[in-house]
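J.:
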Amino acid sequence: MSRTFLGMPATAPRGVGHLRGEEPFPAAARRGLADPQLRRNLGHATTTIRAKSGAVIGELPDWQALRAAGSAIKADVLARLPELLEQLEAAVTAAGGTVHWAADAVEANRIVTDLVAATGSDRVIKVKSMATQEIGLNEALEAAGIAAVETDLAELIVQLGEDRPSHILVPAIHRNRAEIREIFLRAMPGVDPSLTDDPPALAAAARRFLRETFLATRVAVSGVNFAVAETGTLAVVESEGNGRMCLTLPETLITVMGVEKVVPTWRDLEVFLQLLPRASTGERMNPYTSMWTGVTPGDGPQAFHLVLLDNGRSAVLADEVGRQALHCIRCSACLNVCPVYERTGGHAYGSVYPGPIGAVLSPQLTGVEDNASLPYASTLCGACYDACPVKINIPELLVHLRDQVPHPRSEAAAMAAAAYVMDRPALYAAAQRAARLSRLAGRRGRGLPPPLSGWTIGRDLPQPPPRTFREWWAQR
Amino acid sequence: MRIALFVTCLADTLFPAAAEATVRLLERLGHQVVFPPEQTCCGQMHVNTGYSAQALPLVRRHVRTFEPYDVVVAPSGSCVGSVRHQHPAVARGAGDERLAERAEAVAGRTYELSEFLVDVLGVTDVGAYYPHRVTYHPTCHSLRMLRVADRPLRLLREVRGLDLVELPQAEQCCGFGGTFAVKNADTSTAMLADKLRHVLSTGADVCTAGDASCLMHIGGGLSRLRTGVRTVHLAEILAATERDGTTGRTGRTAVRA
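Heads up: the sequence lines are chains A and B, in that order. Its first residue numbered 0, the first sequence is counted upward by one per residue in numbering that gives the first Met the number 0. Its first residue numbered 0, the second sequence is counted upward by one per residue in numbering that gives the first Met the number 0.
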């Protein structure tokens, strides 16, 4: 057991997991922008879910009070995280579970792999989990000869398609039913070759495959939505029932939990179980809420392990402004309202955490230099802040992170020059005149140098007016 | 009332018609407008691009310039948003609590034009005449930072001759985002394409808004596609009267070929 994470905050290590993209956001975004299927799927899905979510949120007279409560509980958790985690550890241990502390992805993967290997099983079933996606657990298990089977339908589609998730809640949002049929025919063991792309038929095929797997697998791996420190109770919310199967059928259950998922008391769940489904799927209540406390003799898994994952979270916590990103309950409301995400899709963000929350969380977990383009992947329109059920001020965080990223030298020079001129009104007025007279930009700005030429890919530049406002004012 | 005009660097330099209209409108309503010439830029571009240290002297300048005035009005939701929400934070980030408090005091007396007209002056009919088919784009910062809500629409509904048509998916960002427009030019243009599609679907001759920056973006797209639809700042519509005729002084925010 190592407890190093309470000491020096380190960022998530390189070379493991899925927090870093291979190319900067603007380049990666071009692929999504040019994909009509993706644009159609995302446009349809986000519009639908926005309407659904808006309707059920509108039913609650105390939604704003609930948001404030959710935010306050999370702020309290972050202010005394070490104490709450130790309380959780004690409660889980007392209830017959075993708690492991993982400083980073490498440690967490090793702990889980060793635990699975000790059971002798060469296969695990998985409940959809962002934390295990973040650390690349499936790849680590595979390297140890252990097959990990995703049991959430969309996550299964991504896995069988050897693809990457593109949405926190709906990881296969970028696929259509024809593509899903092809993936199933190609990669699903025992699939009926006459499978059609009728959604009920696709779901039935997945159900048949998964049922056999549920009954024949002795180890499950899950994430967690909430962990109650006072009781040691863990909670997973889901829609399909696959989670309930994974959490109850196997002999051994291993749960990987980001340390920020802890809440102090059972009563705190009252707030989050109202916030999460409404913000996330647009439901008043999610179909399945599974809760378990350690081990119950004769009922459910008889061996339970909880892996507490840091992987950069302590570094996020150390930043007083940045830490609010750890409020996130992974509802994906910010993705669904983001005009950038809606057009680029999730893969453009490189990390398993896409959209506005990804743009502030991923760079903090990895250190901003490893995800330097992400804080700029937003117009700061503010729709995400309004939608966030725990009131994460994402625009404020984006600007905060932009202050920390390494800036291109030419840009820094231009910004310094602009600030110098703007702090000297006479020079500023002269610069206004010079810009007008020189007409460097040429007709409609077609002669602009990069990066300013980005403007003219689809927009004309305004023609400079015959006189500035201050010239008009001086003459009147 | 004596009103200090916070012109904004963009309106001053590229869209003076919006600022001139603001002056004419406020004077027509019986107020005295002054222009403190020491003002330059609020520093929003620096803050939003990650250069808050460089923004600090601009914040200091802005506070010093507008501190003596009881009321400050700007024809921009975005720049007022920066003054209200960013200036105190930039000062605090630099450890200057005194400046932060002064910035908060100035911010408390600073209004976006539609806020000032409706909330402070208590007027929605400003006596304007503008015989055109107009659609209104609520800019993100006026909508979500300032919460101006329907104040601009209430002003527009009282304009004689104006045919106001609703913009579909109005609350979606146009894709400008300051330096976002060049740093993420492709995504920005994709967002703009949808905004233009909605503007064109209204059949409006004019797209208006309370920010010259977003209008520069939308207008740049409308011009590139030779749609014939103009962008006109809200202040220009509200300043227009029958004496101006139907074309007169309006339309100078337009991005023209």
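Even for Gly, the Cβ is constructed at its ideal location relative to N, Cα and C.
Does the structure place the stretch 111-129 of chain A close enough to the stretch 242-249 of chain A that three or more beta carbon pairs sit under 8 angstroms?
T.: Output reads yes: the stretch 111-129 of chain A touches the stretch 242-249 of chain A.
J.: CB B:F34 to CB A:W472, shorter than 8 angstroms?
T.: The residue you call residue 34 of chain B lines up with position 35 of the second sequence. The residue you call residue 472 of chain A lines up with position 473 of the first sequence. In this structure, A:W472 lies closer than 8 angstroms to B:F34 by Cβ.
J.: Indicate the three-state DSSP secondary structure (helix, strand or coil) for A:C333 in the structure shown.
T.: As a first step, residue 333 of chain A must be located in the first sequence, where it is residue number 334. Helix.
J.: Measuring only the C-alpha atoms, how far is A:P374 from A:D113?
T.: In the first sequence, residue 374 of chain A corresponds to position 375, counting from 1. In the first sequence, residue 113 of chain A corresponds to position 114, counting from 1. Distance between the alpha carbons of A:P374 and A:D113: 37 angstroms.
J.: Can you give me the Cβ contacts of A:A382 inside the same chain, cut-off strictly under 6 angstroms, excluding the 5 residues immediately before and after it?
T.: In the first sequence, residue 382 of chain A corresponds to position 383, counting from 1. The residues are V336.
J.: Show which residues of chain B have a CB atom less than 8 angstroms away from the CB atom of A:R401.
T.: Residue 401 of chain A sits at position 402 when you count from the first residue of the first sequence. Ordered by position in chain B, the residues that pass the 8 angstroms Cβ test against A:R401 are N47, T48, G49.
J.: Contact criterion: CB-CB distance below 8 angstroms. Does A:A418 meet it with respect to chain B?
T.: For the purposes of this step, residue 418 of chain A is identified with residue 419 of the first sequence, where counting begins at 1. Yes, its Cβ sits closer than 8 angstroms to a Cβ of chain B.
J.: Under 8 angstroms, Cβ to Cβ, is there at least one residue of chain A near B:L191?
T.: On the second sequence, residue 191 of chain B is found 192 positions in, with the first residue counted as 1. Yes, B:L191 lies at the interface with chain A (some Cβ there is under 8 angstroms from its Cβ).
J.: Quick one: grab the DSSP three-state call for A:T295.
T.: Reading the first sequence from its first residue, position 296 is the one you call residue 295 of chain A. Correct three-state label for A:T295: strand.
J.: Could one say the Cβ of A:A177 lies closer than 8 angstroms to chain B's Cβ atoms, at least one of them?
T.: To locate residue 177 of chain A, count along the first sequence from 1; it is residue 178. Chain B contact via Cβ: absent.
J.: Going by alpha carbons, who is nearest to A:A219 out of A:A143, A:A226, A:A358, A:V255?
T.: On the first sequence, position 220 is the one that residue 219 of chain A refers to. Of the candidates A:A143, A:A226, A:A358, A:V255, the residue whose Cα lies closest to the Cα of A:A219 is A:V255.
J.: So is A:I456 in contact with chain B if we call contact Cβ pairs under 8 angstroms?
T.: Taking the first sequence and counting its residues from 1, one reaches residue 456 of chain A at position 457. A:I456 counts as touching chain B.
J.: Along chain B, which residues have their Cβ under 7 angstroms away from the Cβ of A:L379?
T.: Position 380 of the first sequence, counting from 1, holds the residue named residue 379 of chain A. By Cβ distance, chain B contributes N47, G176.
J.: Would you say the stretch 315-326 of chain A touches the stretch 21-32 of chain A, given that touching needs at least three Cβ pairs under 8 angstroms?
T.: Touching, no.
J.: Can you list the residues of chain A that B:P167 reaches, using a CB-CB cut of under 7 angstroms?
T.: Counting from one through the second sequence, the residue named residue 167 of chain B turns up at place 168. Chain A residues near B:P167: none, gap ~12 angstroms exceeds 7 angstroms.
J.: What do you get for A:G135, buried or exposed, if any count of 16 or more other CB atoms within 10 angstroms of its CB means buried?
T.: Reading the first sequence from its first residue, position 136 is the one you call residue 135 of chain A. Around the beta carbon of A:G135, 16 or more other beta carbons lie within 10 angstroms, which makes this residue buried.
J.: Of the residues B:T109, B:R242, B:Y129, which one's Cα is nearest the Cα of B:P67?
T.: Locating residue 67 of chain B in the second sequence gives position 68, where the first residue counts as 1. The residue with the shortest Cα to Cα distance from B:P67 is B:T109.
J.: Indicate whether at least one CB of chain D lies closer than 8 angstroms to the CB of A:V398.
T.: Annotation note: the requested chain D is absent from the structure, which comprises protein chains A and B.
J.: Counting C-beta neighbours from all protein chains within 10 Å, is the total for B:Q168 16 or more, i.e. buried, or is it exposed?
T.: The residue you call residue 168 of chain B lines up with position 169 of the second sequence. With fewer than 16 Cβ atoms within 10 Å of its Cβ, B:Q168 is classed as exposed.
J.: Quick check on DSSP: helix, strand or coil for A:K127?
T.: As a working note, residue 127 of chain A is residue 128 in the first sequence. In the displayed model, A:K127 falls within coil according to three-state DSSP, outside both helix and strand.
J.: Applying a beta-carbon distance threshold of less than 8 angstroms, which residues of chain A neighbour B:E19?
T.: By 1-based counting over the second sequence, the position of residue 19 of chain B is 20. The contacting residues are F468, W471.
J.: Counting only the same chain and skipping the five closest in sequence on each side, list residues whose C-beta sits under 6 angstroms from that of B:G247.
T.: Position 248 of the second sequence holds residue 247 of chain B. With a pLDDT of only 45 at B:G247, under 50, the local geometry of the prediction cannot be trusted, and the value read off the model is given with reservation. Closer than 6 angstroms at Cβ, skipping near neighbours: no residue.
J.: Could you say which of A:G231, A:N175, A:A376, A:L80 lies nearest to B:N47 if we only look at CA atoms?
T.: Here residue 47 of chain B is taken as the residue at index 48 of the second sequence, counted from 1. Nearest C-alpha to B:N47: A:A376.
J.: List the residues that DSSP assigns as beta-bridge partners of B:D162.
T.: In the second sequence, residue 162 of chain B corresponds to position 163, counting from 1. Beta-bridge pairing links B:D162 to B:R132.
J.: Pick out the complete alpha helix (DSSP H) segments inside the stretch 184-225 of chain A, 4 residues or longer, and give them in chain order.
T.: 198-215
J.: Can you list the residues of chain B that A:M414 reaches, using a CB-CB cut of under 7 angstroms?
T.: Within the first sequence, residue 414 of chain A is the residue found at index 415, counting from 1. Those are H45, T48, Y50, Q53, listed as they occur along chain B.
J.: With a threshold of 8 angstroms between beta-carbons, can B:V6 be considered close to chain A, or not?
T.: Counting from one through the second sequence, the residue named residue 6 of chain B turns up at place 7. So, interface residue.
J.: Whole angstroms is fine: what's the gap from A:W265's alpha carbon to A:L65's?
T.: Along the first sequence, one-based indexing puts residue 265 of chain A at 266. Along the first sequence, one-based indexing puts residue 65 of chain A at 66. The alpha-carbon atoms of A:W265 and A:L65 are separated by roughly 16 angstroms.
J.: Residues of chain A with CB closer than 9 angstroms to the CB of B:A180, please, in chain order.
T.: Walking along the second sequence from the start, residue 180 of chain B turns up at place 181. Correct list: T378, G453, W454, R458.
J.: Roughly how many angstroms separate the alpha carbons of B:R251 and A:L460, rounded to a whole number?
T.: As a first step, residue 251 of chain B is located in the second sequence; it is residue number 252 there, counting from the start. As a first step, residue 460 of chain A is located in the first sequence; it is residue number 461 there, counting from the start. In this prediction, B:R251 has a pLDDT of 49, which is less than 50 and means its spatial position is unreliable; what the coordinates show is noted afterwards. Straight through space, the alpha carbons of A:L460 and B:R251 are spaced by roughly 14 angstroms.
J.: Quick check on the DSSP output: the beta strand (DSSP E) that includes B:V72 runs from which residue to which?
T.: On the second sequence, position 73 is the one that residue 72 of chain B refers to. Residues 71-73.
J.: Taking only beta-carbon positions, decide if B:P87 is within less than 8 angstroms of chain A.
T.: Looking up residue 87 of chain B in the second sequence gives position 88. B:P87 does not count as touching chain A.
J.: Whose CA, out of B:A99, B:Q38, B:C139, lies closest to the CA of A:A428?
T.: Mapped onto the first sequence, residue 428 of chain A falls at position 429. The residue with the shortest Cα to Cα distance from A:A428 is B:Q38.
J.: If the criterion is Cβ atoms closer than 8 angstroms, does the pair B:V105 and B:V82 meet it?
T.: Taking the first residue of the second sequence as position 1, residue 105 of chain B is located at position 106. Taking the first residue of the second sequence as position 1, residue 82 of chain B is located at position 83. In this structure, B:V82 lies closer than 8 angstroms to B:V105 by Cβ.
J.: How many Å lie between A:I179 and A:A146 at the Cα?
T.: Translated into positions along the first sequence, residue 179 of chain A becomes position 180. Translated into positions along the first sequence, residue 146 of chain A becomes position 147. Whole-angstrom Cα-Cα distance: 21 angstroms.
J.: Is it true that the stretch 170-184 of chain A meets the stretch 83-93 of chain A, where meeting means three or more beta-carbon pairs spaced less than 8 angstroms apart?
T.: no
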